[in-house]
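Participant: Below you will find the structure I want to go over with you.
There are 2 protein chains.
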Amino acid sequence: MKLTKERIVDAGMATFAEVGYHGLSMRRVAERLGAHAGSLYYHVRGKDELLALMADRVCRQAYDAGTAALAGLPPEATWHDAIEAQAEALRRTIQQHPGGAVLLADSPRTLSSGALSLMERLLQTLLDAGVPAAHCVVAADTLLSHVTGFVLQERGNSPAPPVTAEVHADLRTRFPLIIERMPRPSRDDMFQRSVRLLCAGFATLVEE
Amino acid sequence: MKLTKERIVDAGMATFAEVGYHGLSMRRVAERLGAHAGSLYYHVRGKDELLALMADRVCRQAYDAGTAALAGLPPEATWHDAIEAQAEALRRTIQQHPGGAVLLADSPRTLSSGALSLMERLLQTLLDAGVPAAHCVVAADTLLSHVTGFVLQERGNSPAPPVTAEVHADLRTRFPLIIERMPRPSRDDMFQRSVRLLCAGFATLVEE
DNA sequence: AAACTTTTCCAACACCGTTCGAAATACGTG
DNA sequence: CACGTATTTCGAACGGTGTTGGAAAAGTTT
Numbered sequence: 001m002k003l004t005k006e007r008i009v010d011a012g013m014a015t016f017a018e019v020g021y022h023g024l025s026m027r028r029v030a031e032r033l034g035a036h037a038g039s040l041y042y043h044v045r046g047k048d049e050l051l052a053l054m055a056d057r058v059c060r061q062a063y064d065a066g067t068a069a070l071a072g073l074p075p076e077a078t079w080h081d082a083i084e085a086q087a088e089a090l091r092r093t094i095q096q097h098p099g100g101a102v103l104l105a106d107s108p109r110t111l112s113s114g115a116l117s118l119m120e121r122l123l124q125t126l127l128d129a130g131v132p133a134a135h136c137v138v139a140a141d142t143l144l145s146h147v148t149g150f151v152l153q154e155r156g157n158s159p160a161p162p163v164t165a166e167v168h169a170d171l172r173t174r175f176p177l178i179i180e181r182m183p184r185p186s187r188d189d190m191f192q193r194s195v196r197l198l199c200a201g202f203a204t205l206v207e208e
Numbered sequence: 001m002k003l004t005k006e007r008i009v010d011a012g013m014a015t016f017a018e019v020g021y022h023g024l025s026m027r028r029v030a031e032r033l034g035a036h037a038g039s040l041y042y043h044v045r046g047k048d049e050l051l052a053l054m055a056d057r058v059c060r061q062a063y064d065a066g067t068a069a070l071a072g073l074p075p076e077a078t079w080h081d082a083i084e085a086q087a088e089a090l091r092r093t094i095q096q097h098p099g100g101a102v103l104l105a106d107s108p109r110t111l112s113s114g115a116l117s118l119m120e121r122l123l124q125t126l127l128d129a130g131v132p133a134a135h136c137v138v139a140a141d142t143l144l145s146h147v148t149g150f151v152l153q154e155r156g157n158s159p160a161p162p163v164t165a166e167v168h169a170d171l172r173t174r175f176p177l178i179i180e181r182m183p184r185p186s187r188d189d190m191f192q193r194s195v196r197l198l199c200a201g202f203a204t205l206v207e208e
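Sequence order for the protein chains is Y and F.
Note that full-length UniProt numbering has the first sequence beginning at 1, numbered continuously upward.
Note that full-length UniProt numbering has the second sequence beginning at 1, numbered continuously upward.
In structure tokens form, the structure reads like this:
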């Protein structure tokens, strides 16, 4: 079958899901398509462009997931709910691809039309909520970078660290607050609450 | 001169600053030390460990920068100022290393003692501010992941994208909010305001 | 069918992380 | 000092990577 930018990105996403970020190579992507690595370069400038295209696709998926989530919202939902729905959709979408956060992190977000779509809708939500235009960009940017950062951190912590008892005791004396006194809610819970925290901040900007 | 874990991390940081994340190789690090690549493996398990050590060093630097910033605060400073100072110190430190955000992103933050130090102090600040312990971890985590995400986004935008007039016109019709109506404050300004936004969210948690 | 364009192959290049046995160096002991 | 041992470095090698460029194939137009 003929080689296409679209099909290459497809294969890229599939390979990415299988072998992760570090295992993604042009040769493996080509192999999945029954082609040779060099052939990809006729359709794609290099690995960088492929990664950028993949990142854009993730943004697009997140956008679609967001529209679905927004559509499922009850009519009495507030703008808090709308923002929460978009944030959660973005997080879930990134999470679906192992290492997907790094993917987004490694390619410039601006001028990727998928990323711009996400931004645009978020801005609209905030404007509708009554946040003055002058503050909207800051607010939307804050939310987006927060979600990215959160998922990034999440992935780093996910392989449960093998903590020996000895290490734990050491940590307890050196970082008493973290280890001892702090309740550790689930990541899902923490994410929801952190987004609500942001919304509370946004609310202080709303002009009646 | 003798090879050491410490000296290897030094050379790693220097090489990293010169050639960036993608250009960092064991061979280049070794070359800077007048040694061969294989020799590094006697002191370091592999490139992963080197990167983790480097990430930890960045956290340490950020911690020290934070203490300096806190010390320079006037006595009438509020807890908002204290959090802002720590966030700004972290951002500046990460920024000093090109691609430093990706460095932090690619290594697990937990169990890195530098990262834990950052977290611990942030928790203390929030506790002193009156945020109940049950919410502190969420708040601190939110702030840290926000700063990371922000710098990440910042770096992606930094190489000013070559926007042709044609592309700009296309974007204007497709994303009117972003391109047209939104004022674009400086990144410094945006960062400060986003942190204040977070603080406003934290303030709603404070029990009198 | 011939001329031409688009697409794919394939071999090669330079570089990468990592391993391993052999050298070399340092060091404590007789 | 000399000798044996432990620590450290070398240097070559292996399999893998992104990328290139000319030859070959496939498709299209005249």
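Cβ coordinates follow ideal geometry from the N, Cα and C atoms, glycine included.
Source: prediction; values computed, not measured.
(1) For chain F, is any of its Cβ atoms less than 8 Å away from the one on D106(Y)?
(2) If the criterion is Cβ atoms closer than 8 Å, does the pair V206(F) and V131(F) meet it?
(3) Below 8 Å on the Cβ atoms is my guess for T15(F) versus Q61(F); work out the distance and round it to an integer in Å.
(4) Run through DSSP, which three-state label would V163(Y) get?
(5) What are the residues of the UniProt domain "HTH tetR-type" (2-62) of chain F that lie near chain Y, defined by any Cβ-Cβ distance shorter than 8 Å?
(6) What do you get for L73(F), buried or exposed, if any count of 16 or more other CB atoms within 10 angstroms of its CB means buried?
(7) Let me make sure I understand the geometry here. Which of S107(F), G100(F), A133(F) and A140(F) has the alpha-carbon closest to that of M119(F)?
(8) Check for me: the alpha helix (DSSP H) holding Y42(F) runs from which residue to which?
(9) Quick check: L198(F) and T142(F), are their CB atoms within less than 8 Å of each other?
(10) Judging by CA-CA distance, which residue of I83(F), G99(F), F175(F) and G149(F) is the nearest neighbour of R196(F)?
(11) Residues of chain F with CB closer than 9 Å to the CB of T78(Y), please, in chain order.
(12) Taking the straight line between their C-alpha atoms, what separation do you get for S117(Y) and A87(Y)?
(13) Tell me the rounded alpha-carbon separation between R174(Y) and H97(F).
(14) Roughly how many whole angstroms lie between the Cα atoms of Q153(Y) and A105(F)?
(15) Whose Cβ in chain Y lies nearer than 9 Å to the Cβ of R92(F)?
(16) Give the single residue among V147(F), A77(F), L53(F) and Y42(F) whose Cα lies nearest to the Cα of G12(F).
(17) Using DSSP with H/G/I as helix, E/B as strand and the rest coil, what is V9(F)?
(18) If you draw a straight line from the alpha carbon of D48(F) to that of A55(F), how long is it in whole angstroms?
(19) Could you tell me how far apart the beta carbons of G149(Y) and G99(Y) are, in whole angstroms, since I believe they sit closer than 8 Å?
(20) Between the segment 130-158 of chain Y and chain F, which residues of the former have CB atoms less than 8 Å from a CB of the latter, in chain order?
(21) So, helix, strand or coil for S186(F), using DSSP?
(22) Could you spell out where the alpha helix (DSSP H) holding T93(Y) opens and where it closes?
(23) Closest to T125(F) by C-alpha separation, out of A77(F), V151(F), L40(F) and R172(F), would be which residue?
Facilitator: So, from the listed chains and residues:
(1) In terms of beta-carbon proximity, D106(Y) lines the interface with chain F, with at least one pair separated by less than 8 Å.
(2) For V206(F) and V131(F), yes; Cβs fall inside 8 Å.
(3) With a Cβ gap of about 17 Å, T15(F) and Q61(F) do not count as contacting.
(4) In this prediction, V163(Y) has a pLDDT of 47, which is less than 50 and means its spatial position is unreliable; nothing more can be read from the coordinates.
(5) Under the 8 Å Cβ criterion, the UniProt domain "HTH tetR-type" (2-62) of chain F contributes no residue.
(6) Counting the other CB atoms within 10 Å of its CB gives L73(F) a total below 16, which places it among the exposed residues.
(7) Comparing Cα-Cα distances from M119(F) to each of S107(F), G100(F), A133(F) and A140(F), the minimum goes to A140(F).
(8) In this chain, Y42(F) is not harboured by any alpha helix (DSSP H), its DSSP state being neither H nor E.
(9) In contact: L198(F) and T142(F) (Cβ atoms closer than 8 Å).
(10) With distances taken between CA atoms, R196(F) lies nearest to I83(F) out of I83(F), G99(F), F175(F) and G149(F).
(11) Under the 9 Å cutoff, chain F gives no residues; its nearest Cβ is about 16 Å from T78(Y).
(12) Their Cα atoms are separated by approximately 14 Å.
(13) Taking the straight line joining both Cα atoms gives about 28 Å.
(14) Approximately 7 Å between the Cα atoms of the pair.
(15) In chain order: nothing, as chain Y lies at least about 16 Å away.
(16) Of the candidates V147(F), A77(F), L53(F) and Y42(F), the one whose C-alpha sits nearest the C-alpha of G12(F) is L53(F).
(17) Here V9(F) sits in helix by DSSP.
(18) Using only the alpha carbons, I get a separation of about 11 Å.
(19) A Cβ-Cβ distance of about 15 Å is found for the pair G149(Y) and G99(Y), leaving them out of contact under the 8 Å criterion.
(20) Under the 8 Å Cβ criterion, the segment 130-158 of chain Y contributes A133, A134, H135, C136, V137, V138, A139, D141, T142, L144, S145, H146, V147, T148, G149, F150, L152, Q153, G156 and N157.
(21) In the three-state reduction of the DSSP assignment, S186(F) falls in the coil class.
(22) Its alpha helix (DSSP H) spans residues W79 to Q96.
(23) If we check each option's Cα against that of T125(F), A77(F) comes out closest.
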